[in-house]
Amino acid sequence: MILAVIFVVAAALALIFILGISFSRGLQLSNTGSLAARIQPVDLEAFRNLADPAEDDYLRRRLPPAEFRAVRRRRLRAMAAYVQVAARNATVLVRIGQAALAARDPRTAEAAYQLVHQALLLRRNAALALLRIYVALAWPNSGPAASLIVRGYEQLNGSAMLLGRLQNPAEPVRISAGM
Amino acid sequence: MLQAHSLLWHYLWVAPSVLLLILGLGLLRLRVYRQHPFFLAFVLASAIEQLTLYVLDLMPSVSPLTWWHVFWVGLVLESILKFALLGEIFSHVFKPYVAIVRLGKNAIGGVGVLLIFVSSLAAALTPVDSPFGIVSGAHQLQQAIYIIECGILAAIFGFAWYFRIGMPPAERGIALGLSISACVHLATWAVVANTRLPDDTRVILDFINMATYHFCVLLWLYYFLLPRKAPALTLAIALPENNLDVWNRELERFFQ
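Listed in order, the protein sequences are those of chains A and B. In terms of numbering that gives the first Met the number 0, the first sequence opens at residue 0 and continues consecutively. In terms of numbering that gives the first Met the number 0, the second sequence opens at residue 0 and continues consecutively.
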């Protein structure tokens, strides 16, 4: 009987989960006019600084171990916030790119494909980086490799620029700030 | 009304199969079978299987044992086609996205292995609900299949949602129909396989299953045979002009 209850509850939760996702806007290929406004600029320089292993090494040499761990945790939390924003931007760009994939102009469609490809890579890398950051929060002396994110984000930014330029030559996309 | 061999019972057993045959013919006529070969095979096989079981159920000359043998053959064939169909859905949704297709295969493969383990464990823990092994075995097999099917569909939807991959309408319709059917059947079969219900209560669960399946068939008909307008896809990105030069300078500096 307990097994039956477990499976009935599991089936109900699975159905709610699937219906919720299916009827959310996330899986629908819809108009993306308002999506671009959701992109939040990311301060790439600050992000790069936080992800720089040389900075961590410098702090490790200069600070007592306890203080270093506290500082490193603060830096990791800040890094996680940047990665989350970058991942959210990637999500928006996936949807913009997907809508633009249907463009008649082959150059625009190709740029859209590149944008989607790089945005998905960034989203994947962001998930892995967040995992590493949270592990590093538990063990601050380890080093999270967030450089993948920095490079991915810059490539993504370039693709978004290209797509924006092809679709509207007067108004390219901007997803980075502080440059 | 909610009794075996009532008018509603006959309707709910026969109508979905007839509708599936209509859907199969529609798919053939629209030449959709090239994109969805396993869906077409699943549709036709399910329709033929259910109509065969219905006719055998009505024939007094057919023994219960023969009926259950045919049921087993149909169940195994339908299950194989169902899993091939899940692969087809995955392929159509994720194959265009090279960046994540491998991760998706690994993730959903991992989920599949975990689900096989869970369903095996559930089958081992499930009590024998019938004195006839062929009946209780069928219930346990169905429970195991629905556990795996439900889990894989949830994983496909979850993976697509995480990466915000837009599902094409046909795949969305197939997956949605399969999901609703699998989740409701999992719940009812888990109750049937793990409890000793009286026959009149068990018939109510049969009605729930049949009605759900009927709804799913209607859903597939809606997604495949009803003409729909292509969505107007537009892109409006309003961004400052001078950013491109700034970005190019930054990229050049970075790659030096």
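The beta-carbon is built from N, C-alpha and C at its ideal position, and this holds for glycine as well.
query = Going straight from the alpha carbon of Thr233 (chain B) to that of Ile207 (chain B), what length do you get?
reply = Residue numbering aside, residue 233 (chain B) sits at position 234 when the second sequence is read from its first letter. Residue numbering aside, residue 207 (chain B) sits at position 208 when the second sequence is read from its first letter. Low confidence applies here, because Thr233 (chain B) scores a pLDDT of 49, under 50, leaving its location unreliable; read the following figure in that light. If you take the alpha carbons of Thr233 (chain B) and Ile207 (chain B), they lie about 43 Å apart.
request  = Give me the Cβ distance between Val69 (chain B) and Leu55 (chain B), rounded to the nearest whole Å; I'm assuming they're in contact under 8 Å.
outcome  = Taking the second sequence and counting its residues from 1, one reaches residue 69 (chain B) at position 70. Taking the second sequence and counting its residues from 1, one reaches residue 55 (chain B) at position 56. So it is a contact: roughly 6 Å between Cβ atoms.
Whether Ala153 (chain B) touches Ile5 (chain A) by CB criterion (8 Å) = Here residue 153 (chain B) refers to the residue found at position 154 when the second sequence is read from its first residue. Here residue 5 (chain A) refers to the residue found at position 6 when the first sequence is read from its first residue. In this structure, Ile5 (chain A) does not lie closer than 8 Å to Ala153 (chain B) by Cβ.
key: Residue range of the alpha helix (DSSP H) that includes Lys104 (chain B)   = In the second sequence, counting from the first residue as 1, residue 104 (chain B) sits at position 105. Note, Lys104 (chain B): alpha helix (DSSP H), Val97 to Leu124.
message = Is it the case that the region 114 to 126 of chain A contacts the region 91 to 101 of chain A, given that we only count it when at least three CB pairs across the two stretches are under 8 Å?
response = yes
ask   = Excluding five sequence neighbours on each side, which residues of the same chain lie with their C-beta closer than 6 Å to the C-beta of Val202 (chain B)?
value = Mapped onto the second sequence, residue 202 (chain B) falls at position 203. Once the five neighbours on either side are set aside, the close Cβ partners of Val202 (chain B) are Ala3.
key: Given Ser45 (chain B) as reference, the closest of B:Ala143, B:Pro126, B:Leu18 and B:Ile107 once Cα atoms are compared   = Working through the second sequence from its first residue, we reach residue 45 (chain B) at position 46. That would be B:Leu18, whose Cα lies nearest to the Cα of Ser45 (chain B).
ask   = Alpha carbon to alpha carbon, how far is Ile1 (chain A) from Gln39 (chain A)?
value = Sequence index remark: in the first sequence, residue 1 (chain A) carries index 2 (1-based). Sequence index remark: in the first sequence, residue 39 (chain A) carries index 40 (1-based). Whole-angstrom Cα-Cα distance: 48 Å.
key: Residue burial classification, Ala123 (chain B) (beta-carbon count within 10 angstroms, cutoff 16)   = Along the second sequence, read from residue 1 onward, the residue named residue 123 (chain B) stands at position 124. Result: exposed.
request  = State the CB to CB distance for the pair Ile155 (chain B) and Val100 (chain B), rounded to an integer number of angstroms; the pair is presumed to be in contact (CB under 8 Å).
outcome  = On the second sequence, residue 155 (chain B) is found 156 positions in, with the first residue counted as 1. On the second sequence, residue 100 (chain B) is found 101 positions in, with the first residue counted as 1. No, Ile155 (chain B) and Val100 (chain B) are not in contact; Cβ-Cβ is about 13 Å, not under 8 Å.
request  = Report the three-state DSSP secondary structure of Val127 (chain B) (helix, strand or coil).
outcome  = Start at 1 with the first residue of the second sequence, and residue 127 (chain B) comes out as number 128. In this structure, Val127 (chain B) counts as coil in the three-state DSSP scheme.
message = Cutting at 7 Å between CB atoms, please list the residues of its own chain near Ala77 (chain A), excluding the five before and the five after it.
response = The count along the first sequence starts at 1 and reaches residue 77 (chain A) at position 78. Leu49.
key: Candidates B:Lys104, B:Leu225, B:Ile115 and B:Trp12: closest to Leu52 (chain B) by CA position   = Counting from one through the second sequence, the residue named residue 52 (chain B) turns up at place 53. Nearest of B:Lys104, B:Leu225, B:Ile115 and B:Trp12 to Leu52 (chain B), Cα basis: B:Trp12.
message = With a threshold of 8 Å between beta-carbons, can Trp12 (chain B) be considered close to chain A, or not?
response = Position 13 of the second sequence, counted from the first residue, corresponds to residue 12 (chain B). Trp12 (chain B) does not count as touching chain A.
inquiry  = Between the alpha carbons of Leu22 (chain B) and Trp219 (chain B), how many angstroms are there, rounded?
reply    = If you number the second sequence from 1, residue 22 (chain B) lands on position 23. If you number the second sequence from 1, residue 219 (chain B) lands on position 220. Their Cα atoms are separated by approximately 8 Å.
key: DSSP three-state assignment for Asp55 (chain A), whether helix, strand or coil   = Position 56 of the first sequence holds residue 55 (chain A). Correct three-state label for Asp55 (chain A): helix.
inquiry  = Please identify the residue among B:Leu24, B:Ile107 and B:Gly73 whose C-alpha is closest to the C-alpha of Leu85 (chain B).
reply    = Residue mapping note: residue 85 (chain B) aligns to position 86 of the second sequence, counting from 1. Residue B:Ile107 is the option with its Cα nearest to Leu85 (chain B).
ask   = Using a Cβ-Cβ cut-off of 7 Å (strictly less than) and excluding sequence neighbours within five positions of His213 (chain B), which residues of its own chain qualify?
value = As a working mapping, residue 213 (chain B) is identified with position 214 in the second sequence. If we look at His213 (chain B) and ignore the five residues flanking it on each side, its Cβ neighbours are Leu11, Ala14 and Pro15.
Buried versus exposed call for Pro197 (chain B) [16 or more other C-beta atoms within 10 Å across all chains shown] = As a working mapping, residue 197 (chain B) is identified with position 198 in the second sequence. Flag for Pro197 (chain B) reads exposed.
ask   = Does the distance from the C-beta atom of Pro143 (chain B) to that of Ala121 (chain B) stay below 8 Å?
value = As a working mapping, residue 143 (chain B) is identified with position 144 in the second sequence. As a working mapping, residue 121 (chain B) is identified with position 122 in the second sequence. The amino acid occupying residue 143 (chain B) in the given sequence is Ala; Pro does not appear at that position. Their beta carbons are under 8 Å apart, which means Ala143 (chain B) touches Ala121 (chain B) by this criterion.
request  = Could you name the residues of chain B that Leu120 (chain A) contacts, counting a contact when the two beta carbons are closer than 7 Å?
outcome  = In the first sequence, the residue the question calls residue 120 (chain A) occupies position 121. Here the neighbours are Ala98.
inquiry  = Once DSSP output is grouped into helix, strand and coil, what is the label at Val41 (chain A)?
reply    = Translated into positions along the first sequence, residue 41 (chain A) becomes position 42. Looking at Val41 (chain A) - three-state DSSP - the assignment turns out to be strand.
query = So which residues of chain B does Phe16 (chain A) contact, with C-beta pairs closer than 8 Å?
reply = Residue numbering aside, residue 16 (chain A) sits at position 17 when the first sequence is read from its first letter. Result: Ala153, Phe156 and Gly157.
query = chain A partners of Thr200 (chain B), CB-CB under 7 Å?
reply = Here residue 200 (chain B) refers to the residue found at position 201 when the second sequence is read from its first residue. Here the premise fails: no neighbours, minimum Cβ distance about 13 Å.
ask   = Taking 8 Å as the CB-CB cut-off, is Ser178 (chain B) touching chain A?
value = For the purposes of this step, residue 178 (chain B) is identified with residue 179 of the second sequence, where counting begins at 1. By this cut-off, Ser178 (chain B) is an interface position.
inquiry  = Does the contact criterion of 3 or more C-beta pairs under 8 Å hold for the region 168 to 177 of chain B versus the region 29 to 39 of chain B?
reply    = Yes: at least three Cβ pairs fall under 8 Å.
query = Any heavy atom of the ligand NAP closer than 7 Å to the CB of Leu177 (chain B)?
reply = For the ligand NAP, the structure offers nothing, since it holds no ligand at all.
inquiry  = Going by beta-carbon coordinates alone, are Leu75 (chain A) and Ile20 (chain A) separated by less than 8 Å?
reply    = As a first step, residue 75 (chain A) must be located in the first sequence, where it is residue number 76. As a first step, residue 20 (chain A) must be located in the first sequence, where it is residue number 21. Against a cut-off of 8 Å, the Cβ pair of Ile20 (chain A) and Leu75 (chain A) comes out as no contact.
key: Buried or exposed (CB count within 10 angstroms, at least 16 for buried), Lys94 (chain B)   = As a working note, residue 94 (chain B) is residue 95 in the second sequence. So Lys94 (chain B) ends up on the exposed side.
ask   = Can you name the residues of chain A whose CB is closer than 7 Å to the CB of Arg163 (chain B)?
value = The residue given as residue 163 (chain B) occupies position 164 in the second sequence. Neighbours of Arg163 (chain B) on chain A, chain order: Gly25, Thr90, Val93 and Arg94.
query = How long is the line joining the alpha carbons of Leu140 (chain B) and Val190 (chain B), rounded to whole angstroms?
reply = The sequence position of residue 140 (chain B) within the second sequence is 141, counting from 1. The sequence position of residue 190 (chain B) within the second sequence is 191, counting from 1. Each residue's Cα considered, the two are about 14 Å apart.
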